[in-house]
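In order, the protein sequence lines correspond to chains A and B. Read left to right, the first sequence gives residues 1 to 182 (the working numbering). Read left to right, the second sequence gives residues 1 to 249 (the working numbering). C-beta: ideal position from N, C-alpha, C; glycine also. Please read these numbers as outputs of a predicted model, since none were measured by experiment. To keep things clear, I will list the structure first and then write my remarks on it.
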Amino acid sequence: MWKKEDSKPEGVSGAPASPINSSTSSSTAAANMPSPSGAPQGSSRTAACISQGIKIKGEVTGSEDLFVDGVVEGKLSLTTNSCLTIGPNGHVKADVLAREVIVRGKIEGKVTGRDRVQLGSTGEITGEVQTDRLAIEDGALLRGKVEAGRQTTKSAEIKASAATATGKAVDATALNSGTAAD
Amino acid sequence: MSFLHKLGLGMGSGTTRGVSLPIHANSRARTPGAPISAVGPARSPESPGSARVSNGLKEFLWNLDGLGRGSLLDLGPASQTTLNFFIERGFRVSSEDILRGWKAFLTEEERRLREDVSACETLDMTPTGRATRFLVENLKYSRASFDAVLLWDLLDYLEPMLVKQMVASLTELLRPGGVILAMFHSKKPEGFQRYRVADSHTLQVISTPVICPPQKVYQNREIQDLFTRFRTMKSFVGRDQLRESLFIK
């Protein structure tokens with residue numbers, strides 16, 4: 001009886017889909033979720049998506065992975081372990097902050113990737129880049145100042161955590177724990 | 001030293017000739033400890049991703065040695081190896097692909113003229129006007145903000161009027177004692193290459209599709225005239241007819 005229940009494959013029709021929660025979702029559940037086209041492969045979590053044709057003006061914040069294939073103007077910051085991917089059709093006119101930033105579209109603004117910034121062959125960044133590790137593919141376009149290395153990222157993190165602390169106490173705690181892990 | 005070495009036409013290890021030309025009579029040419037000709041053979045840049053031993057780069061780095069946290073402007077394509085090379089050495093690096101910017105600018109101008117015929121009358125379509133408009137949108141950095149500039153060979157591919165204005169802009173952007181590494185083809189280049197720093201004396205030469213056709217082959221005197229505000233010019237001519245030049249402000 002127990003074994004029958006345990007061996008039931010996930011995602012079977014009729015079975016309710018597990019809620020997508022960054023703290024509780026398992027990697028297998030996430031792997032079964034459909035991912036938006038062009039979204040990073042191999043990511044263990046499902047990314048929220050701003051699809052092509054959608055335009056957002058204002059401030060976008062969150063603590064989940066985000067895939068942007070539309071247009072975002074304003075400010076875009078993701079806390080904790082979030083990864084931001086700008087798809088090939090994505091156009092972001094904003095200062096961007098995330099743990100990892102993957103750029104296959106366009107960003108105009110300051111890009112802060114706490115761990116890593118990856119600029120794909122179709123990617124374009126116009127603005128300052130601050131990160132710990134920078135990866136650039138051939139054909140990518142980068143126009144602006146680059147600061148890479150531990151020191152740079154830590155100062156960016158301190159600034160970010162200070163800014164978050166004034167907003168939400170919960171988010172600040174999460175960000176601080178991420179900093180300690182580094 | 002062999003006879004060919006005395007003539008500056010060394011074979012084997014000496015494939016480049018170092019020519020130091022003080023631009024002003026009172027200029028002080030700094031010379032590194034290492035002999036200029038002590039390098040390996042420079043390979044031809046035809047094959048994609050080939051390596052090229054670069055005396056210019058070696059000298060460029062020697063001039064930046066001990067600078068600490070300097071700032072560098074790379075006007076070539078954004079390349080991870082080049083950026084990492086300088087970032088690891090403590091540089092703050094700014095990158096701007098001028099050739100792609102120039103091409104995009106020309107395409108945009110063409111589109112504008114096609115869509116708005118009256119733009120022909122309002123816009124200054126002379127090379128000077130075009131160069132001025134391009135520089136309004138590009139190379140927007142504050143005065144004396146860089147210690148070094150990687151100019152690569154892009155002057156060969158830009159309109160001569162833009163070259164003049166751009167060199168003037170770069171002179172303003174450099175701090176006193178700042179260095180520019182440029183390259184000039186001694187004859188019209190057949191292919192189109194871009195460069196990356198592989199290590200402290202090697203450049204990776206990457207063959208790529210043509211972004212802009214070559215505009216002019218600069219003679220030595222013309223190069224000196226362009227960089228007249230620099231106190232020292234040093235050139236290294238390779239077998240592949242590529243002249244690496246170093247300009248010190």
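Judged by their CB atoms, T126/A and R143/A are nearer to each other than the 8 Å cut-off. Take V197/B, set aside five residues on each side of it, and the residues of its chain with a beta-carbon closer than 7 Å to its own are L57, T81, T82, F85 and L203, in chain order. Put simply, the CB of L66/A is far from chain B, with every gap to its CB atoms at 8 Å or more. For P127/B, there is no enclosing beta strand (DSSP E); the enclosing alpha helix (DSSP H) covers residues P127 to E137. Here the stretch 172 to 188 of chain B makes contact with the stretch 141 to 150 of chain B; the two share three or more CB pairs at distances below 8 Å. Inclusion of E222/B and M183/B in the CB contact set at 8 Å is not warranted, their separation being larger than that value. In the DSSP assignment, G49/B is bridged to no other residue. The three-state secondary structure of V163/B, taken from DSSP, is helix. At a cut-off of 8 Å, the C-beta of E108/A has no neighbouring C-beta in chain B.
Here the C-alpha atom of T122/B lies approximately 15 Å from the C-alpha atom of R111/B. Along the stretch 89 to 105 of chain B, going in chain order, the ones with a CB nearer than 7 Å to a CB of chain A are R92, V93, S94, S95, E96, D97 and R100. Not a single C-beta of chain B is nearer than 8 Å to the C-beta of E59/A. With fewer than 16 other beta carbons inside 10 angstroms of its own, E190/B counts as exposed. E147/A and D95/A have their C-alpha atoms spaced approximately 15 Å apart. The way I'd put it, the stretch 129 to 142 of chain B does touch the stretch 157 to 167 of chain B; three or more beta-carbon pairs between them come closer than 8 Å. Taking C-beta atoms as the reference points, S71/B and R92/B count as a pair closer than 8 Å.
Between E64/A and A48/A, the gap from beta carbon to beta carbon is short of 8 Å. Under the Cβ distance rule, G144/A counts among the residues neighbouring chain B, one pair being separated by less than 8 Å. Interface annotation for the stretch 47 to 81 of chain B against chain A: A78, S79 and Q80, criterion Cβ-Cβ distance under 7 Å. Taking I180/B as the centre and dropping the five residues before and after it, the same chain places the C-beta of V149, L151 and F247 closer than 6 Å to its C-beta, in chain order. Within 10 angstroms of the beta-carbon of I136/A lie 16 or more other beta-carbons, which makes it buried. Contact check for I86/A and I107/A: beta-carbon distance about 6 Å, within the 8 Å limit, so the pair qualifies. E172/B carries a helical assignment under DSSP once its states are collapsed to helix, strand and coil. Taking a C-beta distance under 8 Å as the contact criterion, V103/A and L119/A qualify as a contact pair. What E100/A touches in chain B, judged by beta-carbon distance under 9 Å, is nothing: the nearest beta carbon there is about 16 Å away.
For I211/B, no chain A residue has a C-beta closer than 8 Å to its own C-beta; the minimum C-beta separation is roughly 11 Å.
For the set P209/B, N55/B, L170/B and F192/B, the Cα lying nearest the Cα of V237/B is the one of N55/B. Look at K234/B here: in three-state DSSP terms it is strand.
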